[in-house]
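Protein chains in written order, with UniProt numbering: chain F, 1 to 245; chain V, 1 to 240.
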Amino acid sequence: MTPRVTFAVAARVLAQLRRDHRTVAMLIVLPALLVSLMWWMFTGNPATFDRVGGPLLAVFPSIIMFVVTSVATLRERSTGTLSRLFTMPMGKLDFLLGYALAFALIAVVQALVVVSIALYALDLDIRGAAWQLGVVAVLDGVLGTALGLFASAFAATEFQAVQMMPAVMIPQILLCGLLVPRDQLPGVLHAVSDVLPLSYAVDAVSSVAQGNGFTSGAGVDALVVIAFILAALGLGAATLRRRTA
Amino acid sequence: MMKNAVSCREVVVVRGDREVLHGVGFDLRAGTVTGLLGPSGCGKTTLIRAIVGLQAKVTGDVAVLGLPAGAPKLRGRIGYVTQEPSVYGDLSVSENLRFFAAVLGVPADDVDRVIDAVELRSHADVRVDRLSGGQRSRASLAAALLGDPELLVLDEPTVGLDPVLRRDLWNLFHSLADAGATLLVSSHVMDEASRCDRLLLMRDGDLLADDTPQALLDSVGTDDIEQVFLTLIDRKAGAR
Numbered sequence: 001m002t003p004r005v006t007f008a009v010a011a012r013v014l015a016q017l018r019r020d021h022r023t024v025a026m027l028i029v030l031p032a033l034l035v036s037l038m039w040w041m042f043t044g045n046p047a048t049f050d051r052v053g054g055p056l057l058a059v060f061p062s063i064i065m066f067v068v069t070s071v072a073t074l075r076e077r078s079t080g081t082l083s084r085l086f087t088m089p090m091g092k093l094d095f096l097l098g099y100a101l102a103f104a105l106i107a108v109v110q111a112l113v114v115v116s117i118a119l120y121a122l123d124l125d126i127r128g129a130a131w132q133l134g135v136v137a138v139l140d141g142v143l144g145t146a147l148g149l150f151a152s153a154f155a156a157t158e159f160q161a162v163q164m165m166p167a168v169m170i171p172q173i174l175l176c177g178l179l180v181p182r183d184q185l186p187g188v189l190h191a192v193s194d195v196l197p198l199s200y201a202v203d204a205v206s207s208v209a210q211g212n213g214f215t216s217g218a219g220v221d222a223l224v225v226i227a228f229i230l231a232a233l234g235l236g237a238a239t240l241r242r243r244t245a
Numbered sequence: 001m002m003k004n005a006v007s008c009r010e011v012v013v014v015r016g017d018r019e020v021l022h023g024v025g026f027d028l029r030a031g032t033v034t035g036l037l038g039p040s041g042c043g044k045t046t047l048i049r050a051i052v053g054l055q056a057k058v059t060g061d062v063a064v065l066g067l068p069a070g071a072p073k074l075r076g077r078i079g080y081v082t083q084e085p086s087v088y089g090d091l092s093v094s095e096n097l098r099f100f101a102a103v104l105g106v107p108a109d110d111v112d113r114v115i116d117a118v119e120l121r122s123h124a125d126v127r128v129d130r131l132s133g134g135q136r137s138r139a140s141l142a143a144a145l146l147g148d149p150e151l152l153v154l155d156e157p158t159v160g161l162d163p164v165l166r167r168d169l170w171n172l173f174h175s176l177a178d179a180g181a182t183l184l185v186s187s188h189v190m191d192e193a194s195r196c197d198r199l200l201l202m203r204d205g206d207l208l209a210d211d212t213p214q215a216l217l218d219s220v221g222t223d224d225i226e227q228v229f230l231t232l233i234d235r236k237a238g239a240r
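#1: From which residue to which residue does the beta strand (DSSP E) around V:Ile78 run?
#2: List the DSSP bridge partners of residue 243 of chain V.
#3: Check V:Met202 in the structure and name its three-state DSSP category.
#4: How would you list, in chain order, the residues of chain F whose beta-carbon sits under 8 Å from the beta-carbon of V:Leu91?
#5: By how many angstroms is the C-alpha of V:Pro68 removed from the C-alpha of F:Val138?
#6: Below 6 Å CB to CB, which residues in the same chain sit around F:Phe49 once its five sequence neighbours on both sides are set aside?
#7: Which residues, in order along the stretch 64-98 of chain F, keep a beta-carbon less than 7 Å from a beta-carbon of chain V?
#8: In terms of residue numbering, what span does the beta strand (DSSP E) encompassing F:Thr23 cover?
#9: Consider the Cβ of F:Thr244: report whether some Cβ of chain V lies at a distance smaller than 8 Å.
#10: So which of F:Ala11, F:Ala72, F:Arg22 and F:Leu33 has the shortest CA-CA distance to F:Gly236?
#11: Have a look at F:Val52 and F:Pro181 and give me their C-alpha separation to the nearest angstrom.
#12: So is F:Asp140 buried or exposed if we call it buried at 16+ other beta carbons inside 10 Å?
#13: Chain V beta carbons: is any one of them nearer than 8 Å to that of F:Val225?
#14: So does the stretch 28-44 of chain V actually touch the stretch 208-225 of chain F, counting three or more Cβ pairs closer than 8 Å?
#15: Quick one: measure Cβ to Cβ for V:Leu145 and V:Thr158, integer angstroms, because I've assumed they're closer than 8 Å.
#16: Given that V:Ala56 touches chain F, what residues does it touch there, using C-beta distances under 8 Å?
#17: Using the beta-carbon of each residue, which ones in chain V are nearer than 9 Å to F:Arg51?
#18: So, with DSSP's three-state summary, where would you put V:Ser86?
#19: Determine, for V:Arg136, whether the minimum Cβ-Cβ distance to residues of chain F falls below 8 Å.
#20: In the DSSP output, which residue or residues are listed as bridge partners for F:Val224?
#21: Whose C-alpha, out of V:Val87, V:Val14, V:Gln83 and V:Val81, is nearest the C-alpha of F:Arg75?
#22: Pair every Cβ in the stretch 176-191 of chain F with every Cβ in the stretch 154-166 of chain F, then say whether three or more of these pairs are closer than 8 Å.
#23: Quick check on DSSP: helix, strand or coil for F:Pro197?
#24: Taking C-beta pairs closer than 7 Å, name the residues in chain V that F:Val5 reaches, listed in chain order.
#25: With H, G and I counted as helix, E and B as strand and the rest as coil, what does DSSP make of V:Glu156?
#26: From V:Arg138 to V:Asp116, what distance separates their C-alpha atoms?
Printed below as a string of C-alpha cells:
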C-alpha cells in the first residue's frame with residue numbers, strides 16, 4: 001500500500017464526480033428525498049415515522065452508495081484504465097481504498113444533508129445526539145461503498161455487477177430489523193441477520209435514536225460496521241485480479 | 001547493459017478451453033523497435049498482455065528486463081498502451097496525465113514533456129471524450145511515456161492516425177529506442193513493417209518469422225511484406 005497512490009486515486013475519483021452532476025445529485029439528494037417520502041407516507045402516524053426514520057438513515061445511503069460503486073472497478077476494466085494501472089506501482093488495496101476515501105467524503109456530505117433534513121425539517125424525534133446520528137450515517141454510507149467495491153471486484157462484467165444489488169442488498173434490507181424487529185424473526189433468520197453488515201448499521205442508528213449513545217450500545221455496533229467495511233475492502237482487494245483471461 | 005529486454009520461450013496461453021498461443025519464442029534486443037504484425041485475432045494482444053503481466057494461464061518463460069513477467073519490481077518500468085485508449089474520458093488530457101504521473105511517482109513536469117512528445121499541446125485541457133479517436137489514442141500513448149519506461153509495449157498505437165502523424169510517431173519511437181528504450185509495437189497494417197528494426201510475424205497463435213524487414217523481403221524475393229506473409233503461410237502449409 002502506498003498513500004501517494006491511494007490519495008491520487010481518491011483525488012481522481014472526486015475530479016470525475018465533480019463533472020458528473022447527475023451522480024452527485026443522486027448521491028446527495030436522493031436519500032433525503034426518500035426519507036421525506038417516507039415522512040409524507042406516515043403523516044397520519046408520526047410515531048411510526050419516528051420508529052423507521054432512524055433505520056432509513058442507514059438503509060438509503062448504503063443502498064445508493066452500493067449501486068454507484070458496484071460498477072466502479074468494472075468501468076475501469078472495460079476502458080482499459082485498470083490494466084494500465086496494474087502495470088504501474090499501484091496495489092490492489094490502493095485502488096479500492098482510493099475509491100472508498102473519495103466516496104467517504106461524499107458520504108459525509110450525504111449524511112449532513114439527510115440527517116439535517118430528517119431532524120430539523122421532518123421533525124424526526126430521536127433521544128440521542130444529532131452528531132452521533134450523523135457519524136453513524138456516514139459509516140453506513142461507507143459500508144455501502146465498501147460492499148459495492150467488493151461486489152465490483154467479484155463481478156466479471158457491469159451486467160453482473162448490477163445484478164449484485166438485488167442479490168446482496170435486498171435480503172439485508174428485509175432482515176435488518178426495518179420491517180420486523182430482528183429479535184422477533186424466526187430463529188434461523190435471526191441467526192442469518194446476525195452476520196449481515198446492514199443489521200449492525202441499522203442497530204447503530206436505532207441505538208443512537210433510542211438514546212443509547214456510543215458509550216452504551218451504539219459504539220459496539222459502529223465498531224462492527226467498521227470491521228465489515230475493512231473486511232469488504234480487504235476481500236475486494238484479494239478478489240481483484242491483475243491477470244485475467 | 002542487458003542484451004535482451006524481453007525473452008520468451010515456449011510461451012503457451014490458454015483462454016477458456018482454447019489454446020491461443022502455441023509455444024511462442026523470441027527475444028527483443030534492448031534499444032530496438034520491433035513490429036508485431038499479424039491479422040486481427042492471431043494472438044498479438046494476448047502475447048502483449050503476457051509480456052506486461054496481465055494475462056492469466058501463461059506457461060513457458062516470459063522474462064522482462066531480467067525478471068519474470070508481472071514481477072512487482074517491473075511495475076512502472078513498462079509503458080503499456082492497450083488497444084482501446086485507456087484514459088478517463090471525463091478528464092482532460094493533462095488531468096489524466098497528472099493522475100498517472102502521481103501513481104508512478106514521477107515529477108509533474110514530466111506531464112508537459114509527454115504532451116509535447118505526442119503533439120497534444122493545443123488540446124491539453126480538453127476532456128478526452130471530446131477528442132477525436134486519433135487524439136485519444138495519442139493521449140493514451142502519452143500516459144505510457146511518463147517516467148521514461150525502459151520497455152514500451154504498444155498495442156496498435158497508430159490506428160486511425162493521419163500519415164503525417166504516423167510518421168512523427170514512428171520517429172518518436174526510434175528516438176526513444178536511440179535513447180535506450182525497447183519498443184514492441186503491434187499493428188495489423190503491413191506498411192508499417194518497414195519502419196521497424198525487426199519484425200515478428202504472427203498467425204493463428206504461432207510465430208511465422210522473426211527477422212529484420214530486409215532479410216524477410218530478401219528471403220522471398222519481393223518488396224512487399226504482405227507477399228512475405230503469404231509465402232510463409234504457403235510454405236508452412238506445404239511443410240505439413
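Note that CB positions come from ideal geometry on N, CA and C, so glycine has one too.
Working from what's here:
#1: Ile78 to Val81
#2: Past the boundaries of the shown model lies residue 243 of chain V; chain V is included only from 1 to 240, so the question cannot be answered.
#3: strand
#4: Arg12, Ala15, Gln16 and Arg19
#5: 44 Å
#6: Trp39 and Phe42
#7: Thr79, Gly80, Thr81, Ser83, Arg84, Leu85, Phe86, Thr87, Met88, Pro89 and Met90
#8: F:Thr23 -> not in any beta strand (DSSP E); alpha helix (DSSP H) instead, spanning His21 to Met41.
#9: yes
#10: F:Ala72
#11: 11 Å
#12: buried
#13: no
#14: no
#15: So it is not a contact: roughly 15 Å between Cβ atoms.
#16: Arg241, Arg243, Thr244 and Ala245
#17: Near F:Arg51 there are no residues of chain V at all, since even the closest Cβ is about 42 Å away, more than 9 Å.
#18: coil
#19: no
#20: DSSP, once it has assigned bridges, lists no residue as partnering F:Val224.
#21: V:Val87
#22: no
#23: helix
#24: Val103
#25: coil
#26: 11 Å
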